[in-house]
Every structure is written in C-alpha cells, then in structure tokens.
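Number of protein chains: 2
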Amino acid sequence: MQITIKDVAKHANVAPSTVSRVIANSPRISQKTKERVRSSMEELGYHPNIHARSLANRSTQSIGLVMPSAATKILQNPFFPEVLRGISTKAHQNGYSLYMTTGVTEEEVLSGVIEMVQGRRVDGVIVLYSREDDKVVQYLRQTKFPFVVVGKPFGDASSITYVDTDNYLAGREVTKHLYNLGHRRIAFIGGSDKLAVTQDRRNGYATALMEAGIPVREDYIARAEFMTKGGAKAVRELLHVDEPPTAVVVSDDMMALGVISTLSEMGLKIPEDVAVVSFNNVYIAEHSNPPLTSVEINIFGLGFEATNCLIEQIGDSAPPYGKRVIVPHYLVVRQSCGQKKNSHAAE
Amino acid sequence: MQITIKDVAKHANVAPSTVSRVIANSPRISQKTKERVRSSMEELGYHPNIHARSLANRSTQSIGLVMPSAATKILQNPFFPEVLRGISTKAHQNGYSLYMTTGVTEEEVLSGVIEMVQGRRVDGVIVLYSREDDKVVQYLRQTKFPFVVVGKPFGDASSITYVDTDNYLAGREVTKHLYNLGHRRIAFIGGSDKLAVTQDRRNGYATALMEAGIPVREDYIARAEFMTKGGAKAVRELLHVDEPPTAVVVSDDMMALGVISTLSEMGLKIPEDVAVVSFNNVYIAEHSNPPLTSVEINIFGLGFEATNCLIEQIGDSAPPYGKRVIVPHYLVVRQSCGQKKNSHAAE
DNA sequence: ATCAATCGAGCAAGCGTTTGCTCAATTTCA
DNA sequence: TGAAATTGAGCAAACGCTTGCTCGATTGAT
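Chain order of the listed sequences is A and B. If you read the first sequence in the numbering used here, its first letter stands for residue 309, the second for the next number, and so on. If you read the second sequence in the numbering used here, its first letter stands for residue 309, the second for the next number, and so on.
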C-alpha cells in the first residue's frame with residue numbers, strides 16, 4: 309500500500325493540509341512544524357502521488373514530445389538524440405519530466421497529441437519537426453495550448469514560438485567559404501523540399517552565389533532523402549551534368565556521408581576532386597573519412613532553448629505573441645573541404 | 309474548462325458511472341445506451357482525464373524508461389534511438405505511453421526512478437543498460453516493482469527478466485569467421501569491462517580462439533570507451549606489439565569507426581592489412597569506408613521484446629520468476645573483413 | 001485589562017474517474 | 001399470474017492531494 313499524505317499527517321500529529329503546505333513550502337507553516345513533518349516524511353519514505361497532485365492542481369509538471377510520424381527516419385538521424393539531450397537537461401533543471409508520443413501515421417501522431425492535451429497529461433508540447441500543412445501544429449494553435457516548434461514553422465510563423473538555426477545565413481556562409489577556397493562550380497544537395505530547413509539552406513546557397521556573381525544553375529541543385537542513400541543517389545546525378553561541380557554543399561551530415569562514400573567509389577578524391585561541406589556536425593562527422601567540414605548548429609542548444617521557451621509559456625511568463633530564438637552556429641573546418649589554395653596562413 | 313464525464317452524462321441523459329462503463333466497454337450497458345453515450349462523447353469532444361483515471365484506477369498506462377546516468381554517452385550511440393523505436397512501437401500497440409527520466413549523476417537517476425515508482429507515475433520500468441552494482445536495479449528489485457533490463461544483468465540474473473543478444477555466441481561466431489578467412493592473429497577491442505556486453509563478447513572471442521587451438525594473448529586484448537575515440541586509441545596500442553594482429557574484433561560499431569579511420573591514417577589498408585568486424589550493425593556501418601562487417605543484433609527487436617515482457621509482468625500474466633529472452637543475431641558481411649582467401653564463390 | 005490584528009493549523013469541499021452495491025424494470029419459469 | 005432470476009442503470013464512496021475558509025491562540029496596541 310502506498311504511503312499517503314494522511315499517514316504522514318498522523319505520524320507528525322498534524323492535519324493532511326498542513327503536510328501539503330509543508331511540501332509546497334508555504335510560509336503559513338512555522339519552521340518547527342515544517343521540520344517535524346519533513347522528518348516524518350523521511351521516516352515513512354513518503355512520495356507524493358503524481359496523479360492526485362495533478363488532479364487537484366491542474367498541472368502535471370511534464371512536457372510532451374512530438375516526433376514526426378515517420379519516427380523511423382528521425383530516430384536514425386543523430387540529430388534526434390542530441391536534441392533530446394538538450395530538452396531533457398533543461399526539463400530536469402526545472403523539475404519537468406518528459407512524455408513521448410510516437411506514431412506511424414500522421415493520424416496516429418495527431419491523436420496521440422490530442423490525448424496528451426485533452427487528457428491534461430502534459431503542460432506543454434515540443435514539436436520536433438516542422439512540416440508544411442502540419443495538422444499537429446494546427447491543432448495546438450487552435451486550442452491555444454502552450455507549444456514550441458524546433459525548426460521554422462510554416463505559414464503564420466509570427467504567432468508561433470520556435471527555436472531555429474539561421475539556416476539561410478549558414479547556407480550562405482558555407483557557400484561563401486567554398487568560394488573563398490577558389491571554387492566556382494558549387495552544387496547543392498538538399499533534403500525534402502517540404503522542410504523549412506532545406507529551403508532556407510538552399511536559399512542561402514543561392515544568395516551567396518549571386519553575391520559572388522555566379523549564376524545559379526538548376527542542374528547543380530539536387531534533392532534527396534535526409535539519409536546517406538539519398539546523398540549517394542543525388543551525387544551521381546550531379547556528376548553527370550557537363551562541367552560537373554568541384555564542390556558541393558550538402559544539407560545534412562548523414563547525406564554527406566553517402567556523398568563521400570559514393571565519390572570514393574567513383575574513384576574521386578575528396579577534397580582534391582570534389583570538396584564537400586555539410587550541416588549539423590553530428591558526432592560521426594569528425595570520424596568520417598575524410599572528416600567532414602560541417603556547420604555546428606548546436607543541436608543540444610536547440611533542444612535546451614525550446615524547453616526554456618515552453619516553460620516560460622507554461623508559467624505565463626511569456627508574451628502572448630510568438631517568440632523566435634535563433635541559436636548561433638559556426639563552421640567547423642575539417643579535411644573534406646580542402647585548404648584555401650592561395651593561402652599561406654598557418655592556421 | 310475541460311469537458312468531464314459529467315458533462316457527457318448530462319448530455320446523454322445518463323449517470324456518470326454509465327459513461328465510465330461505456331468507456332470501459334462494460335457488458336453491463338446495453339448497446340443502445342452505449343451508442344447514445346458515444347455519440348455524446350463525440351459531439352462534446354470528450355477525452356478522459358488521465359490523472360483522475362489513474363488515481364481511481366491505480367494504473368497509469370505508461371512505462372518508465374531509465375537511461376544510464378551518463379545519458380550523454382548512450383545518447384550519442386545510435387543504439388539508443390533504435391531501441392527506443394522498438395519500445396515505442398510495442399508500447400503504442402498496447403496503449404502504453406512512455407515516460408523518460410534522465411539524470412547526470414547516478415544519484416539523480418535513482419531519485420528519478422524512485423519518484424516514478426513511488427509516485428505511481430508508471431506501471432513498470434525498462435532499464436536501458438546493465439552495469440555492475442547498479443542501484444536502480446537493486447531498488448526495483450527490492451520494491452518488487454515490475455521491470456525489465458535490456459542487456460544481461462549482473463548478480464542473481466535468474467530472478468530478473470531481461471532481453472539480450474547472445475553476445476557470447478556472437479563473439480565466438482565473428483571470431484570464427486575471421487579464422488575461416490585465414491586469420492590467425494586476431495585481436496579484440498572491447499568497451500568498459502564493467503559492462504556485461506563486453507565480457508560476453510570477449511569470452512566468445514576467447515572461446516573461438518581456443519577451439520581453433522590458438523592461444524589467447526593478453527596483449528591482443530584492448531579495452532576502451534564505447535566511442536570512436538576509444539577505438540582509435542586502442543588500435544594504436546594493438547599495432548605496437550610484436551607480430552601485430554591481421555584482424556580485429558571490435559565490440560561496437562562506433563568504436564570500429566574509430567579503428568578504421570585510425571588505420572587509414574596510419575597508411576594501413578582495410579581489409580588487406582587489417583580486417584575489421586564489429587557488432588550492432590548500426591545505420592552508418594553500411595556507409596563507412598569501407599563498409600563494416602558487423603553483427604546485426606536487431607536492436608529494434610530488443611526494445612520491442614523488452615516492452616513485451618514488461619507488459620506481461622504488469623498484467624500479471626508473467627511468471628513470478630525472471631524470464632530471459634534472447635533476440636537472434638546474424639553476421640552481415642561487408643568489405644571491412646575481406647573475402648575468404650581460398651574461396652572462388654561468386655558471392 | 002481589553003480588543004483588534006496576526007499567526008498557525010485544521011475542516012471540508014473539490015479535482016475527474018472507477019466500481020461495489022443497490023434497486024427498478026423486465027424477462028423467465030412454474 | 002406470481003415469484004424468482006436477470007438485466008440495465010444509478011448512488012455514492014473512494015483514489016490522494018490542494019486550497020479557500022474558518023477558528024482558536026498568541027501578540028501588540030491602547
């Protein structure tokens with residue numbers, strides 16, 4: 309049998325309500341009583357029943373996590389565990405715990421979310437993806453339930469709080485980096501066009517080219533799945549155009565891995581024949597062969613900040629309008645992009 | 309304001325208890341009434357309050373997940389998302405949801421678990437690691453709370469339900485495979501000796517050698533962290549012994565990645581100079597350079613089975629003794645281990 | 001010494017469900 | 001046709017905690 313607040317009350321010779329107030333550390337209780345009650349709790353090994361508390365309280369101290377319906381996919385990308393680590397760190401700091409829902413179809417995910425929200429199972433929700441025409445976001449919005457999106461939401465982004473990398477800027481910088489290394493024929497391989505991240509990075513890429521006075525060639529732009537296989541397929545296509553690119557910007561490390569191994573198979577050297585840069589700087593980027601030049605986007609930070617925003621919202625300490633947090637990024641230069649050709653800098 | 313069972317009752321002109329029984333699909337309610345109530349629920353958009361239900365019920369339909377204290381580590385290994393996927397699939401099939409707790413120190417993790425258990429927040433717990441002298445397992449055991457371990461527990465394993473790969477067998481098979489390819493100087497690189505998985509795989513390795521009449525050399529056995537860096541360090545050591553090994557069994561894909569890139573840096577060819585095989589067959593094993601020969605251990609299956617066992621335990625349909633589920637594995641041969649030298653097989 | 005203000009703690013009414021019991025209405029059987 | 005058995009639905013008491021309100025006791029001011 310569980311030890312309840314009543315047991316503690318009896319043991320400490322006070323009323324249950326007093327025990328409750330001790331737990332809440334209410335100033336209405338004298339120090340002496342508090343200590344007595346606390347030692348009783350200790351002695352009996354008391355732990356409050358979460359459900360009773362939530363019922364009385366109308367708050368759950370937990371946060372719902374929404375994965376994309378094709379959880380398979382995101383779960384294979386190291387992005388996920390890292391963002392989760394960020395979320396869980398911040399959540400723990402503030403006494404929140406995490407509640408996950410996954411589902412195979414979009415419908416399943418949505419109904420999971422509805423259950424979380426309507427069933428008052430969580431105080432707020434973090435959406436771990438951003439897709440066009442997403443039902444979950446629509447639902448959360450219309451019910452005015454606290455939520456935060458990781459990634460840039462579509463549509464009326466101004467009313468939604470989200471955390472994101474400045475992918476446009478990152479795409480631009482990366483492309484510029486290749487340009488500065490002497491490259492003029494630079495290609496881009498992106499993931500699904502439905503994802504904001506792909507669009508932003510590609511736009512940044514295009515802008516950088518334009519700034520450099522280089523025309524943007526459609527046949528230099530490929531799209532593929534966010535996985536290694538996609539990268540492999542895309543790179544084959546790119547190399548069959550006339551004047552094949554000497555450098556390629558890849559929108560995801562996992563894809564870049566596919567690109568690299570395909571290039572190797574084709575007998576091309578990296579970075580001598582084709583330079584490669586990519587994004588996310590996941591763990592294995594450092595350990596691929598050759599190591600990947602990649603944009604460190606601080607995935608942990610994305611998760612951490614998202615949680616922070618959500619907790620603000622839950623606590624009503626957030627403004628009523630959507631907030632936008634941009635987590636800074638920086639380029640980590642490794643072998644895959646080669647050295648600046650005319651540079652003598654020691655570094 | 310939330311829509312409660314009372315609202316539905318009023319709307320359908322029945323008592324709250326009837327609504328409750330309709331939800332539970334009790335045979336005591338007539339079909340006619342059920343339909344009326346259901347359409348009322350639909351119309352009002354009713355969703356049961358989880359906490360009220362759990363409180364009255366003494367059951368939460370959710371499962372607690374315990375990560376190792378250095379969550380950082382496990383979260384970087386692709387093992388984790390994959391096992392999570394298995395867990396979440398099975399959990400969802402049975403209407404369970406997932407509740408995570410993480411913590412930086414061992415103490416934090418333990419107190420998180422205690423809160424889950426004593427606070428009646430979950431119906432059962434899955435422990436995602438297996439370590440010697442683990443407080444969490446000790447605690448769960450002594451409170452007789454339903455739990456399952458992924459990996460082989462230490463100590464009195466017979467009373468604990470766990471799912472595992474037959475790592476001993478896998479280690480033996482892999483080593484034998486290298487032997488059959490003609491290798492006689494075979495080394496082993498394992499992770500922390502505190503982990504059951506390391507011990508088992510190493511023992512299998514040693515057995516295979518003995519079966520082949522090859523003495524087990526201590527200087528052929530290295531241990532390192534379960535990550536790429538560890539692999540790199542270990543391989544350097546191994547290659548400095550006299551008669552350096554021509555093949556190496558690595559206990560983890562991520563470590564093997566480190567091994568491979570270190571070997572390449574040293575100018576050694578894989579598999580010609582050194583053959584490499586490893587375990588887990590995580591996603592990137594297929595895409596490394598060269599692709600890794602690795603033991604597919606069906607990580608998804610481990611998660612899935614663990615959840616299955618736990619649900620059995622929760623529902624009392626499990627026997628009172630510990631159950632042991634072994635998920636089958638098989639070797640996936642890729643380039644990193646080379647071809648059988650005297651074989652003409654096309655495949 | 002008297003009264004108002006303050007303080008500390010208890011009472012009891014929720015929070016939204018579940019479920020054992022009760023009870024009226026209907027069916028079954030002799 | 002009457003009594004017993006069966007069926008369908010409602011009553012009300014939990015489940016463990018929070019919190020507005022009440023109230024006696026202590027304190028301070030006059």
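The beta-carbon is built from N, C-alpha and C at its ideal position, and this holds for glycine as well. Fair warning: this is a prediction, and the values are worked out from it, not measured in the lab.
Q | Q647(B) CB to nearest heavy atom of the ligand COA below 7 Å | A | Because no ligand of any kind appears in the structure shown, any question about the ligand COA cannot be addressed here.
Q: Would you mind telling me which residues of chain A sit closer than 7 Å to Q426(B), beta carbon to beta carbon, in chain order?
A: On the second sequence, residue 426(B) is found 118 positions in, with the first residue counted as 1. H355, listed in chain order.
Q) Of all Cβ atoms in chain A, is any one closer than 8 Å to the Cβ of E423(B)? A) The residue you call residue 423(B) lines up with position 115 of the second sequence. Judged by the 8 Å Cβ criterion, E423(B) is in contact with chain A.
Q: Give the range of the alpha helix (DSSP H) segment to which N616(B) is assigned.
A: Within the second sequence, numbered from 1, the residue matching residue 616(B) stands at position 308. Segment I607 to I622, the alpha helix (DSSP H) holding N616(B).
Q | the region 494-504 of chain A contacting the region 557-564 of chain A, beta-carbon criterion three pairs below 8 Å | A | yes
(Q) Just to confirm, is the Cβ distance from T515(A) to R480(A) under 8 Å? (A) The count along the first sequence starts at 1 and reaches residue 515(A) at position 207. The count along the first sequence starts at 1 and reaches residue 480(A) at position 172. For T515(A) and R480(A), yes; Cβs fall inside 8 Å.
Q: Within its chain, find whatever has a CB closer than 6 Å to the CB of V425(A); leave out the 5 residues flanking it on each side and keep chain order.
A: In the first sequence, residue 425(A) corresponds to position 117, counting from 1. Counting only Cβ-Cβ distances below 6 Å, and skipping sequence neighbours, we find F453.
Q) Out of G432(A), P579(A), P386(A) and V524(A), which has the shortest C-alpha to C-alpha gap to M562(A)? A) Numbered from its first residue, the first sequence carries residue 562(A) at position 254. Closest in alpha carbon position to M562(A), among G432(A), P579(A), P386(A) and V524(A), is P386(A).
(Q) I need the straight-line Cα distance from A653(A) to G646(A), nearest angstrom please. (A) In the first sequence, counting from the first residue as 1, residue 653(A) sits at position 345. In the first sequence, counting from the first residue as 1, residue 646(A) sits at position 338. At A653(A), the pLDDT of 39 sits below 50, so the modelled position is not reliable; the number obtained from the coordinates is stated separately. Roughly 14 Å separates the two Cα atoms.
(Q) Measuring only the C-alpha atoms, how far is Y513(A) from V482(A)? (A) Indexing the first sequence from 1 puts residue 513(A) at position 205. Indexing the first sequence from 1 puts residue 482(A) at position 174. Using only the alpha carbons, I get a separation of about 8 Å.
Q: With 9 Å as the limit, tell me which residues of the region 384-409 of chain A have their beta carbon closer than that to any beta carbon of chain B; keep them in chain order.
A: Result list: Q384, N385, P386, F388, P389, E390, L392, R393, S396, T397, A399, H400, S405, L406, Y407, M408 and T409.
Q: Could you tell me which of V322(A), S334(A), A360(A) and G372(A) sits nearest to S348(A), measuring between CA atoms?
A: Looking up residue 348(A) in the first sequence gives position 40. The candidate whose alpha carbon is nearest that of S348(A) is V322(A).
Q) Looking at V471(A) and V268(A), is the spacing between their C-beta atoms short of 8 Å? A) The structure shown does not extend to residue 268(A), since chain A spans only 309 to 655, so no value can be given for it.
Q. How would you write the range of the beta strand (DSSP E) that M375(B) sits in, first residue to last?
A. By 1-based counting over the second sequence, the position of residue 375(B) is 67. Unbroken run through M375(B): none, as it is neither H nor E.
Q) If you draw a straight line from the C-alpha of L576(B) to the C-alpha of V567(B), how long is it? A) Along the second sequence, read from residue 1 onward, the residue named residue 576(B) stands at position 268. Along the second sequence, read from residue 1 onward, the residue named residue 567(B) stands at position 259. Their Cα atoms are separated by approximately 11 Å.
Q.
Please tell me whether R429(B) has its Cβ less than 8 Å away from any Cβ of chain A.
A. For the purposes of this step, residue 429(B) is taken as residue 121 along the second sequence, with counting starting at 1. So, interface residue.
**Q.** Closest residue to N589(A) among D501(A), D315(A), N357(A) and T473(A) (Cα-Cα distance)
**A.** For this step, residue 589(A) is matched to residue 281 along the first sequence. Out of D501(A), D315(A), N357(A) and T473(A), T473(A) has the C-alpha closest to the C-alpha of N589(A).
(Q) Going by beta-carbon coordinates alone, are V304(A) and V412(A) separated by less than 8 Å? (A) Because chain A in this structure spans residues 309 to 655, residue 304(A) falls outside the shown range and cannot be described.
Q. Ordered along the chain, which non-local residues of its own chain (more than five positions away) have a Cβ less than 8 Å from that of G403(A)?
A. Here residue 403(A) corresponds to residue number 95 of the first sequence, with the count starting at 1. Only Q369 meet the Cβ criterion.
(Q) Beta-carbon within less than 6 Å of V543(A)'s beta-carbon, same chain only, minus the 5 sequence neighbours each way: which residues are those? (A) Locating residue 543(A) in the first sequence gives position 235, counting from the first residue. Taken in chain order, the residues that qualify are V567 and T570.
(Q) Taking 8 Å as the threshold (C-beta atoms), are S405(B) and M408(A) in contact? (A) Along the first sequence, one-based indexing puts residue 408(A) at 100. Along the second sequence, one-based indexing puts residue 405(B) at 97. It is a contact, given that the beta carbons lie within the stated cut-off.
Q) The alpha helix (DSSP H) spanning V603(A) covers which residue range? A) The residue given as residue 603(A) occupies position 295 in the first sequence. Residue range T601 to E604 is occupied by the beta strand (DSSP E) that includes V603(A), with no alpha helix (DSSP H) assigned at that position.
Q. Does the region 608-626 of chain B come close enough to the region 608-615 of chain A that 3 or more CB-CB pairs lie under 8 Å?
A. Taking one beta carbon from each stretch, the region 608-615 of chain A and the region 608-626 of chain B have fewer than 3 pairs nearer than 8 Å; the two do not touch.
Q. What's the gap between the Cα of A332(A) and the Cα of I358(B)?
A. Looking up residue 332(A) in the first sequence gives position 24. Looking up residue 358(B) in the second sequence gives position 50. If you take the alpha carbons of A332(A) and I358(B), they lie about 23 Å apart.
Q) What's the call for G394(A), buried or exposed, on a 16-neighbour Cβ count within 10 Å? A) In the first sequence, counting from the first residue as 1, residue 394(A) sits at position 86. Buried: at least 16 other Cβ atoms inside 10 Å.
(Q) I believe R346(A) touches R336(A) by the beta-carbon criterion, under 8 Å. Please report the beta-carbon distance rounded to the nearest angstrom. (A) In the first sequence, counting from the first residue as 1, residue 346(A) sits at position 38. In the first sequence, counting from the first residue as 1, residue 336(A) sits at position 28. So it is not a contact: roughly 16 Å between Cβ atoms.
Q | Neighbour flag for G566(B) against chain A, beta carbons, 8 Å | A | Position 258 of the second sequence, counting from 1, holds the residue named residue 566(B). Answer yes: the Cβ-Cβ gap between G566(B) and chain A drops below 8 Å somewhere.
Q: Could you give the DSSP three-state label for I395(A): helix, strand or coil?
A: Here residue 395(A) refers to the residue found at position 87 when the first sequence is read from its first residue. Residue state, collapsed to three classes: helix.
Q) At least one CB of chain B closer than 8 Å to the CB of H485(A): is that the case? A) In the first sequence, residue 485(A) corresponds to position 177, counting from 1. No, no contact with chain B.
Q | Inter-residue spacing [alpha-carbon to alpha-carbon] between P356(A) and V456(B) | A | Here residue 356(A) corresponds to residue number 48 of the first sequence, with the count starting at 1. Here residue 456(B) corresponds to residue number 148 of the second sequence, with the count starting at 1. Spanning the two alpha carbons is a distance of roughly 24 Å.
(Q) Which complete alpha helix (DSSP H) runs does the region 397-426 of chain B hold, if anything under 4 residues is left out? (A) 414-426
Q: With distances taken Cα to Cα, identify the nearest neighbour of E440(A) among K541(A), A504(A), G521(A) and P324(A).
A: Reading the first sequence from its first residue, position 132 is the one you call residue 440(A). With distances taken between Cα atoms, E440(A) lies closest to A504(A).
Q | Runs of alpha helix (DSSP H) wholly within the region 498-543 of chain B (minimum 4 residues, chain order) | A | 504-519
Q. Using 8 Å as the limit for Cβ to Cβ distance, is Q647(B) near chain A?
A. Stepping through the second sequence from its first residue, residue 647(B) is reached at position 339. No, Q647(B) lies away from the interface with chain A (no Cβ there is under 8 Å from its Cβ).
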